[in-house]
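Peer 1:
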């Protein structure tokens, strides 16, 4: 049998499994996709085998004669419990088990009380009392589970509801509510125990581990996306740009890191729920001490997301419809790339430190990042005359040529020539309003044209987009302070081991 | 009984309910909170009552003698089905019901086949074959449900697993698998039917309706947040600013619209899942035609989110640590507020059109928005000499005083005086690097100080933050084109009724 062999050879497991099941597999392509799906994340195969194992163990209690004679048919409740309770990770299985246990217990107690009350009443009123109690339990549990802070226990309230109904109804028809409740509870307990044991003993998949990896991945994707975005901004000449349209809006196929960064932006719920589940887990693996600060991970994730917003804004400028001319962008390439590179390096280092659970001082790296960002700022300032329109060209300013290696435009080319190159693109914005603009011009020119010729105004605005880009980049660097602080707090709370500064 | 009275008087229901249950209620404060919780969203109370009603109806099948004699104890499966299947909205109940039905059916067929196979084998091998089949079903269903496109049917795979185990195990111990399977299936069908009927007949809560409202709310919050942000930017003098720190980072208590805008940003999953569920719903209420384009709602939500990113970026500049001096910001107040006001007006109008399911032409409104944004752009250009450092102050430029009502700084105050006012704030950035900066200055000044005195460089960069803000605002306006297009597509696909342009 494929599945049985698969235990010893995970690599071909699911393909074999499918072949023997004949499910969904009509061609080789499917086999390949399934195979890749399993290889990407071997935990998936492990999880599936664990479910099979747990459900088999519980079924054995019925299939083998000896335990069946002890437990009887009630043991089928264990099967349901395993099927419903078994979750991907240890933390969420514990969480669901807790819900199930507490819910069943509460329902049992409630049902016994209600059933005894029913027995006190006359035979005629008993079903009425039971009916009313069922209605009440249904209404109250459904209302309470909508309460936001109780939302994680939604499953527990469902358990209360159906366990209560089952016990009280069976008790009514078969008598002896306490016996019925106890039978049900111990078979649920057996199911829960099997689910938890298999989940923890056999290759456990820890929420804490996943959370840790997820956070590290977030750092990497923010760093990659920042570099990618700045690289594209300074290198892209805007000619082979796909048209900005709804179809590509949320999917830039040539920017893999962007998509990852966007998923970091949307990861808050995922991190929160992982942190929530991780709290249920006992100390394990690298996370050895009790009360490990899992919620601190979610906080660092928050600060990281705050940096990611800035990357999204940079990305927005990169794809915005008003663009600084290419040569102008190229002129500041070295500074921009240096600042972005240093910032990305710092973010990546922070991520690596979390990954390796090291605690290193980042001050020298942080200082270097700030230095490069200040150099960028200074360069922009020095060349600010290029960015605004003015009648007199300022006297040829001496180019800085020390460590800030600017990339001056080819000598034969004037600023206006550069501008003309990108004018085709520029004039596409705002596409439907060009005529309106001309129309309007008559009115505005009365006040404006004396000072700024129309063409100049357009030029200058498009050049200012470069200022936007660099300000956002500098602001990103400013926010890194907070990121460093957050990571430091995590390091000390989680007792990462200190290392000497690199 | 509180719950019974509550049916006729929803307003006091849950308070009464709790009082009679004595659950969680120790003081008046709790009652008030619960009361407000219910009043905010009366659907919550309706939902709870519906669950109570459905579970009561199913229980009656056991509690009343006549149906009990027909159906027997198997009917308890109906109770479980109702408890597990009953969801807040019609669409998700249908979805879950479909999962339950198809899962049970598949499991029934599988179980019958496996059980017959087992019967063919000898008595010794039968449990072995059953055990292996259980393991296989457990492994395969668990693996398949991890497949991303099958994730919405996760519940269905759980149903297959436990129904299969239940049927095959009971069949093994009690014989006659087909009989067992049929008994189980029809009691599940009864439970499902009751759940669906109660959900649809009694005050149905439609996913489509929720999706519609959610999208409209998104438009409003983006518009509000834009106005709020621009208003704060031009009016805030930066003196009573709370310090930017981790604690306030994601929570700006004085900006209610910001939080709503942020939730719009995170709403993609919510919209997607609502759209997914809404597809299960039959035509209802205002959404009369078959195949109503629910997925188009999610697309409009995407474009709206793309605009919201821009608002977040504006908000980022508002709270960034490098700030343009207050008087400079105030100088462009009229234009900025006009552009933001017009843009917000357009967004709100789009939202209103969706709300009322009207289709109006937005071209004149869109033109007005573009006009104001161009006016802002022109004003910034005309005053761009204020934004950069240069040795000679340019000759006093004639202020535009036509329709663009700028707010010039008080006459007695020079630009440098303005600057000094905000220097306290400015120098807090980058807090830990001020010394490093001075240190560095020696190196940079060799190339830079000849051209730009240090103080000037700082001034100019901080002033450029204003440019960032306005560029982002103008970019927001540019993106409105796409928003208008998306809403127009939705209007025509959803056959909104046309109205004459306002």
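Protein chains in written order, with UniProt numbering: chain P, 1 to 502; chain E, 1 to 502. Glycine included, C-beta positions come from ideal geometry on N, C-alpha and C. It should be emphasised that the depicted structure is a prediction, and the values quoted were computed from it without experimental measurement.
#1: Starting from residue 176 of chain E, trace the alpha helix (DSSP H) in both directions and tell me its first and last residue.
#2: According to DSSP, is residue 3 of chain P part of a helix, a strand, or is it coil?
#3: From the DSSP output, read off the bridge partner residues of residue 359 of chain P.
#4: When DSSP labels each residue in this structure, what does residue 37 of chain P get in the three-state scheme?
#5: Relative to the alpha-carbon of residue 48 of chain P, which residue among E/491, E/273, E/340 and E/158 has its alpha-carbon at the smallest distance?
#6: According to the Cβ coordinates, are residue 96 of chain P and residue 203 of chain P closer than 9 Å?
#7: In angstroms with no decimal places, state the Cα-to-Cα distance between residue 490 of chain P and residue 356 of chain P.
#8: Suppose the cutoff is 6 Å on Cβ atoms and the five residues either side in sequence are ignored; what does the same chain contact list for residue 260 of chain E look like?
#9: Among all the DSSP beta bridges, which residues are the ones paired with residue 332 of chain P?
#10: Along the stretch 192-204 of chain P, what residues have a CB closer than 8 Å to any CB found in chain E?
#11: Quick one: measure Cβ to Cβ for residue 226 of chain P and residue 324 of chain P, integer angstroms, because I've assumed they're closer than 8 Å.
#12: Alpha carbon to alpha carbon, how far is residue 92 of chain P from residue 78 of chain E?
#13: What residue does the alpha helix (DSSP H) around residue 68 of chain P start on, and which one ends it?
#14: Counting only Cβ pairs nearer than 7 Å, list the residues of chain P close to residue 527 of chain E.
#15: For residue 316 of chain P and chain E, any beta-carbon pair shorter than 9 Å?
#16: Determine which residues share a DSSP beta bridge with residue 47 of chain E and list them.
#17: Quick one: give me the first and last residue of the alpha helix (DSSP H) that residue 26 of chain P is part of.
#18: Would you call residue 134 of chain E buried or exposed, if buried means 16 or more other Cβ atoms sit within 10 Å of its Cβ?
#19: Does the separation of the CB atoms of residue 84 of chain E and residue 100 of chain E fall below 9 Å?
#20: Since residue 306 of chain P is in the alpha helix (DSSP H), which residue starts that stretch and which ends it?
#21: Using the DSSP secondary-structure output, state which residues sit across from residue 287 of chain E in a beta bridge.
#22: Go to residue 324 of chain E, then tell me how far its alpha helix (DSSP H) extends in each direction, as first and last residue.
#23: Would you kindly work out how many angstroms separate the C-alpha atoms of residue 365 of chain P and residue 286 of chain P, rounded to a whole number?
#24: Does residue 187 of chain P pass the burial test, meaning 16 or more other C-beta atoms within 10 Å, or should it be called exposed?
#25: Quick check: is the beta carbon of residue 79 of chain P nearer than 9 Å to any beta carbon in chain B?
#26: Roughly how many whole angstroms lie between the Cα atoms of residue 67 of chain E and residue 279 of chain E?
#27: Residue 467 of chain P versus chain E: which residues are under 7 Å apart at the beta carbon?
#28: Might you give, ordered along the chain, the residues of its own chain that have their beta carbon closer than 6 Å to the beta carbon of residue 110 of chain P, omitting 5 neighbours on each side?
#29: Whose C-alpha, out of P/44, P/123 and P/181, is nearest the C-alpha of residue 74 of chain P?
#30: When burial is assigned at 16 or more other CB atoms within 10 Å of the CB, is residue 40 of chain E buried or exposed?
#31: Compare the C-beta of residue 127 of chain E with all C-beta atoms of chain P and state if any pair is closer than 9 Å.
#32: Does any C-beta atom of chain E lie closer than 9 Å to the C-beta of residue 266 of chain P?
#33: For the alpha helix (DSSP H) containing residue 94 of chain E, list its first residue and its last residue.
#34: Whole angstroms are fine: how far does the CA of residue 376 of chain P sit from the CA of residue 470 of chain P?
#35: Report yes if the CB atom of residue 271 of chain P is closer than 9 Å to the CB atom of residue 301 of chain P, and no otherwise.
#36: Taking the C-alpha atoms as reference points, what is the distance between residue 235 of chain P and residue 478 of chain E?
Peer 2: In short:
#1: Residue 176 of chain E sits at position 176 when you count from the first residue of the second chain. Residue 176 of chain E -> no alpha helix (DSSP H), and no H or E assigned at all.
#2: The residue you call residue 3 of chain P lines up with position 3 of the first chain. Bear in mind that the predicted position of residue 3 of chain P carries a pLDDT of just 33, short of 50, making it unreliable; the figure below should be weighed with that in mind. Helix at residue 3 of chain P.
#3: Locating residue 359 of chain P in the first chain gives position 359, counting from the first residue. Bridge pairing for residue 359 of chain P: P/498 [DSSP].
#4: As a working mapping, residue 37 of chain P is identified with position 37 in the first chain. In the structure shown, residue 37 of chain P falls within a helical segment according to DSSP collapsed to helix, strand and coil.
#5: One-based indexing of the first chain puts residue 48 of chain P at position 48. Selected option, being the one with the closest Cα: E/158.
#6: The residue you call residue 96 of chain P lines up with position 96 of the first chain. The residue you call residue 203 of chain P lines up with position 203 of the first chain. Not closer than 9 Å, so no.
#7: The residue you call residue 490 of chain P lines up with position 490 of the first chain. The residue you call residue 356 of chain P lines up with position 356 of the first chain. The alpha-carbon atoms of residue 490 of chain P and residue 356 of chain P are separated by roughly 13 Å.
#8: Position 260 of the second chain, counting from 1, holds the residue named residue 260 of chain E. Same-chain partners within the cutoff: 221.
#9: Here residue 332 of chain P refers to the residue found at position 332 of the first chain. DSSP lists no partner for residue 332 of chain P.
#10: none
#11: On the first chain, residue 226 of chain P is found 226 positions in, with the first residue counted as 1. On the first chain, residue 324 of chain P is found 324 positions in, with the first residue counted as 1. That belief does not hold up - the Cβ atoms of residue 226 of chain P and residue 324 of chain P are roughly 19 Å apart, past 8 Å.
#12: Counting from one through the first chain, the residue named residue 92 of chain P turns up at place 92. Counting from one through the second chain, the residue named residue 78 of chain E turns up at place 78. Answer to the nearest angstrom: the Cα atoms are 28 Å apart.
#13: Start at 1 with the first residue of the first chain, and residue 68 of chain P comes out as number 68. 65-71 is the span of the alpha helix (DSSP H), which, as asked, contains residue 68 of chain P.
#14: Any answer about residue 527 of chain E is impossible in this case: the structure gives chain E only from 1 up to 502.
#15: Position 316 of the first chain, counted from the start, is the residue given in the question as residue 316 of chain P. By this cut-off, residue 316 of chain P is an interface position.
#16: Residue numbering aside, residue 47 of chain E sits at position 47 when the second chain is read from its first letter. BP columns for residue 47 of chain E are empty, so no partner.
#17: For the purposes of this step, residue 26 of chain P is taken as the residue at position 26 of the first chain. Counting along the chain, residue 26 of chain P falls outside any alpha helix (DSSP H), and DSSP gives it neither H nor E.
#18: Numbered from its first residue, the second chain carries residue 134 of chain E at position 134. Classification for residue 134 of chain E: buried.
#19: To locate residue 84 of chain E, count along the second chain from 1; it is residue 84. To locate residue 100 of chain E, count along the second chain from 1; it is residue 100. Against a cut-off of 9 Å, the Cβ pair of residue 100 of chain E and residue 84 of chain E comes out as a contact.
#20: If you number the first chain from 1, residue 306 of chain P lands on position 306. Note, residue 306 of chain P: alpha helix (DSSP H), 294-318.
#21: Numbered from its first residue, the second chain carries residue 287 of chain E at position 287. Beta-bridge pairing links residue 287 of chain E to E/284.
#22: Along the second chain, read from residue 1 onward, the residue named residue 324 of chain E stands at position 324. Unbroken run through residue 324 of chain E: none, as it is neither H nor E.
#23: Counted from its first residue, the first chain places residue 365 of chain P at position 365. Counted from its first residue, the first chain places residue 286 of chain P at position 286. Those two C-alpha atoms are separated by around 27 Å.
#24: Stepping through the first chain from its first residue, residue 187 of chain P is reached at position 187. By the neighbour-count rule (16 or more Cβ atoms within 10 Å), residue 187 of chain P is buried.
#25: Considering every chain present, this structure includes no chain B. Its protein chains are P and E.
#26: On the second chain, position 67 is the one that residue 67 of chain E refers to. On the second chain, position 279 is the one that residue 279 of chain E refers to. Distance between the alpha carbons of residue 67 of chain E and residue 279 of chain E: 35 Å.
#27: Taking the first residue of the first chain as 1, we reach residue 467 of chain P at position 467. Result: 464, 467 and 468.
#28: Along the first chain, one-based indexing puts residue 110 of chain P at 110. Cβ neighbours of residue 110 of chain P beyond the five flanking positions: 164.
#29: Walking along the first chain from the start, residue 74 of chain P turns up at place 74. For residue 74 of chain P, the nearest C-alpha among the options comes from P/181.
#30: As a position in the second chain, residue 40 of chain E is number 40, starting the count at 1. Counting Cβ neighbours within 10 Å, residue 40 of chain E comes out exposed, since fewer than 16 surround it.
#31: Counted from its first residue, the second chain places residue 127 of chain E at position 127. Judged by the 9 Å Cβ criterion, residue 127 of chain E is in contact with chain P.
#32: Along the first chain, read from residue 1 onward, the residue named residue 266 of chain P stands at position 266. Yes - at least one Cβ of chain E is within 9 Å of the one on residue 266 of chain P.
#33: Indexing the second chain from 1 puts residue 94 of chain E at position 94. Its alpha helix (DSSP H) spans residues 90-120.
#34: Counted from its first residue, the first chain places residue 470 of chain P at position 470. Counted from its first residue, the first chain places residue 376 of chain P at position 376. Whole-angstrom Cα-Cα distance: 8 Å.
#35: As a first step, residue 271 of chain P must be located in the first chain, where it is residue number 271. As a first step, residue 301 of chain P must be located in the first chain, where it is residue number 301. In this structure, residue 301 of chain P lies closer than 9 Å to residue 271 of chain P by Cβ.
#36: Within the first chain, numbered from 1, the residue matching residue 235 of chain P stands at position 235. Within the second chain, numbered from 1, the residue matching residue 478 of chain E stands at position 478. The straight-line gap from Cα to Cα measures roughly 24 Å.
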